[in-house]
Every structure is written in C-alpha cells, then in structure tokens.
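Heads up: the sequence shown begins at 365 in this note's numbering, then just goes up one per residue.
The C-beta atom is built at its ideal place from N, Cα and C for all residues, glycine as well.
Worksheet for the structure shown next.
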Amino acid sequence: MGFIIAGAAILGSILGLIWLKDWLESVALQRIVHHEFTARLAVAGAVMVLAGLLIAGKDILKALGLIAGGT
Numbered sequence: 365m366g367f368i369i370a371g372a373a374i375l376g377s378i379l380g381l382i383w384l385k386d387w388l389e390s391v392a393l394q395r396i397v398h399h400e401f402t403a404r405l406a407v408a409g410a411v412m413v414l415a416g417l418l419i420a421g422k423d424i425l426k427a428l429g430l431i432a433g434g435t
C-alpha cells in the first residue's frame, strides 16, 4: 500500500507543477516541468503505483483463495 501512496504522491506533485506552470506562466517552472529528471520521476512514480497494485493484487487473490498462499 505504501508503494501506491508514494507513487501517487509523486505523480500528483508533477501534475501540480504542470498546472502551476500553466497558471503562473512561469519560465522557471516550465524548465523544471520539461526537465529530464522530472520525466524520470514520473516514470518512477508510475512504476511504484504498478508495483503496489501487483503486491496488493497478490494479497487479494490469496484472500479470495484463488491462488495458494505460501510463506
């Protein structure tokens, strides 16, 4: 669950920066938003959300008895 929350926070922050850049029409924010590091953060956030969903999905399938629960 922590992966999902952390990934969503990263993606939400990036979306907030994009919205703020458009609202303020700031050149400095435009440079930050269109920087390669921001793109890498977005990819990392998306991967964290997907990893969290996979981990949570496995637990849900175990709880439903659809897969064997090991140690």
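Pairwise C-alpha distance: residue j and residue i
| i | j | result |
| --- | --- | --- |
| Trp383 | Ala406 | 15 Å |
| Gly371 | Met412 | 5 Å |
| Gly380 | Thr402 | 12 Å |
| Arg395 | Gly376 | 18 Å |
Cβ-Cβ distance between residue i and residue j below 9 Å
| i | j | result |
| --- | --- | --- |
| Gly409 | Ile374 | yes |
| Val397 | Ile378 | yes |
N-terminal and C-terminal residue of the alpha helix (DSSP H) that residue i is part of
| i | result |
| --- | --- |
| Leu384 | Gly366 to Leu388 |
| Ile419 | Glu400 to Leu428 |
| Ala432 | Unbroken run through Ala432: none, as it is neither H nor E. |
Same chain only: Cβ atoms within 6 Å of residue i, ignoring 5 sequence neighbours per side
| i | result |
| --- | --- |
| Ile368 | Val413 and Gly416 |
Same chain, Cβ closer than 8 Å to residue i, neighbours up to 5 away in sequence not counted
| i | result |
| --- | --- |
| Ala420 | Met365 and Ile368 |
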